[in-house]
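Written below as structure tokens is the structure these notes are about.
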DNA sequence: GCCAACGTTGGC
DNA sequence: GCCAACGTTGGC
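Residue numbers (the numbering used here): 1 to 155.
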């Protein structure tokens, strides 16, 4: 089992939106970065745990946890000319972009702020605090997952 | 809205 | 295959 962090802009899709979805489940689509795509296609597996991270907003940080309920499959939005994520070069027989389905698991009483995460001495490896922090899908190692989720539940 | 830190595109 | 120009991300 692996651990991940998925970024989302809460103005577009927040953890509360996930809670309000049917089955509290949502296809995580619109990822248009090759490195992130490779994670979704090759490594994110059913049963993996995911931090839901709110970016580009007032309260930047980790908002809660979701579980992967379906591993990587073609992101339909790449074929939809009406979608903001439409990719005219995408080929149905050889999809370029992938998505996974995630299901809500836990919402923290408070968002664990990025500022706090950066100040935690044991958190040195997560992509958020390193260079190249712009990746929208990133792995989290088990140790840091535990440290971060414990910290988020303490407040 | 600014701007640093990326990633992508395309001419050569 | 290089790299300048351009576009995007995301914290502040």
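Glycine included, each C-beta is placed from N, C-alpha and C at the ideal position.
Since this is a predicted model, take the numbers as computed values, not measurements.
Item: When DSSP labels each residue in this structure, what does residue 9 get in the three-state scheme?; Value: coil
Item: Quick one: what's got a C-beta closer than 7 Å to residue 155's C-beta in the same chain, skipping five residues either side?; Value: 109 and 110
Item: What are the complete alpha helix (DSSP H) segments, minimum 4 residues, inside the segment 2-47?; Value: 15-20 and 34-38
Item: Whole angstroms is fine: what's the gap from residue 115's alpha carbon to residue 25's?; Value: 29 Å
Item: On the DSSP bridge list, what partners appear for residue 112?; Value: 62
Item: Do residue 135 and residue 35 have their CB atoms nearer than 9 Å?; Value: yes
Item: Let's see if you can read the secondary structure: which residues bound the beta strand (DSSP E) around residue 53?; Value: 49-54
Item: When burial is assigned at 16 or more other CB atoms within 10 Å of the CB, is residue 47 buried or exposed?; Value: exposed
Item: State the DSSP-derived secondary structure class of residue 147, mapped to helix, strand or coil.; Value: helix
Item: Over the uninterrupted beta strand (DSSP E) stretch that includes residue 120, give me the two end residues.; Value: Segment: none, residue 120 is in no beta strand (DSSP E) and carries neither H nor E.
Item: Between the segment 57-76 and the segment 99-106, are three or more C-beta pairs nearer than 8 Å?; Value: yes
Item: Rounded to the nearest angstrom, what separates residue 14 and residue 94 at their Cα positions?; Value: 31 Å
Item: Comparing C-alpha positions only, which one of 28, 150 and 21 sits nearest to residue 41?; Value: 28
Item: Find the nearest neighbour of residue 106 within the set 152, 121 and 139, judged by alpha-carbon distance.; Value: 152
Item: For residue 66, tell me which candidate among 86, 11 and 51 has the shortest Cα-Cα distance.; Value: 51
Item: Can you tell me where the beta strand (DSSP E) with residue 140 in it begins and where it stops?; Value: 137-140
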